[in-house]
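K.L.:
For the sequence shown, this note's numbering assigns the number 92 to the initial residue and increments by one for each residue that follows. Where a beta carbon is used, it is the ideal one built from N, C-alpha and C, also for glycine. These numbers come from a predicted model, not from an experiment.
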Amino acid sequence: MNHLTRQFVDQYEREHPNFTSRYCPVADLYDSDLDIFHIEEVQDEYEEFKGAVNER
92 MNHLTRQFVD QYEREHPNFT SRYCPVADLY DSDLDIFHIE EVQDEYEEFK
142 GAVNER
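(1) In this structure, what does DSSP give as the bridge partners for D122?
(2) Counting only the same chain and skipping the five closest in sequence on each side, list residues whose C-beta sits under 6 Å from that of K141.
(3) Go through its chain and collect everything with a Cβ distance to H129's Cβ below 7 Å, but skip five positions before and after it.
(4) Assuming E131 contacts V117 (C-beta within less than 8 Å), just tell me the rounded distance between them.
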(Lines of atoms letter the chains of each structure in order from A and count residues from 1; the text may use other names and numbers.)
(Lines give C-alpha, C1' and ligand atoms only; values in the text may rest on other atoms or scores of the structure.)
Protein backbone atom coordinates (compact mmCIF):
# COMPACT_ATOMS: atom_id res chain seq x y z
CA MET A 1 0.00 0.00 0.00
CA ASN A 2 1.48 3.33 -1.00
CA HIS A 3 1.74 6.39 1.24
CA LEU A 4 -1.24 8.18 -0.33
CA THR A 5 -3.49 5.17 0.12
CA ARG A 6 -2.36 4.75 3.73
CA GLN A 7 -3.24 8.43 4.38
CA PHE A 8 -6.69 7.85 2.90
CA VAL A 9 -7.30 4.71 4.98
CA ASP A 10 -6.26 6.51 8.18
CA GLN A 11 -8.47 9.51 7.37
CA TYR A 12 -11.44 7.34 6.38
CA GLU A 13 -11.23 5.35 9.59
CA ARG A 14 -11.11 8.58 11.63
CA GLU A 15 -14.12 10.05 9.80
CA HIS A 16 -16.14 6.80 9.78
CA PRO A 17 -15.23 5.02 13.03
CA ASN A 18 -18.22 2.66 12.86
CA PHE A 19 -17.25 1.29 9.44
CA THR A 20 -14.49 -0.94 10.75
CA SER A 21 -16.55 -2.28 13.64
CA ARG A 22 -19.53 -2.98 11.38
CA TYR A 23 -17.75 -4.43 8.37
CA CYS A 24 -13.97 -4.81 8.35
CA PRO A 25 -10.81 -2.70 8.30
CA VAL A 26 -10.88 -0.42 5.27
CA ALA A 27 -7.40 -1.59 4.26
CA ASP A 28 -8.78 -5.12 3.80
CA LEU A 29 -10.96 -3.83 0.95
CA TYR A 30 -8.03 -2.42 -1.03
CA ASP A 31 -6.67 -4.12 -4.15
CA SER A 32 -3.18 -2.73 -4.74
CA ASP A 33 -2.87 -4.28 -8.20
CA LEU A 34 -5.90 -2.32 -9.40
CA ASP A 35 -5.54 0.65 -6.98
CA ILE A 36 -9.20 0.37 -5.99
CA PHE A 37 -11.37 -0.40 -3.01
CA HIS A 38 -13.99 -3.11 -3.45
CA ILE A 39 -16.83 -1.10 -1.89
CA GLU A 40 -18.25 1.63 -4.12
CA GLU A 41 -18.82 4.10 -1.27
CA VAL A 42 -15.19 3.83 -0.15
CA GLN A 43 -13.89 3.92 -3.74
CA ASP A 44 -15.82 7.13 -4.46
CA GLU A 45 -14.29 8.85 -1.44
CA TYR A 46 -10.85 7.52 -2.40
CA GLU A 47 -11.16 9.08 -5.88
CA GLU A 48 -12.17 12.42 -4.31
CA PHE A 49 -9.25 12.19 -1.88
CA LYS A 50 -6.74 11.52 -4.66
CA GLY A 51 -8.17 14.38 -6.72
CA ALA A 52 -7.88 16.81 -3.83
CA VAL A 53 -4.29 15.77 -3.13
CA ASN A 54 -3.35 16.17 -6.79
CA GLU A 55 -4.81 19.70 -6.83
CA ARG A 56 -2.42 20.84 -4.09
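P.N.:
Reading off the structure:
(1) Bridge partners of D122: I127.
(2) Within the same chain, no Cβ atom closer than 6 Å to the Cβ of K141 is found once the five residues on either side in sequence are excluded.
(3) Once the five neighbours on either side are set aside, the close Cβ partners of H129 are L120, D122.
(4) About 13 Å separates the two Cβ atoms, so there is no contact after all.
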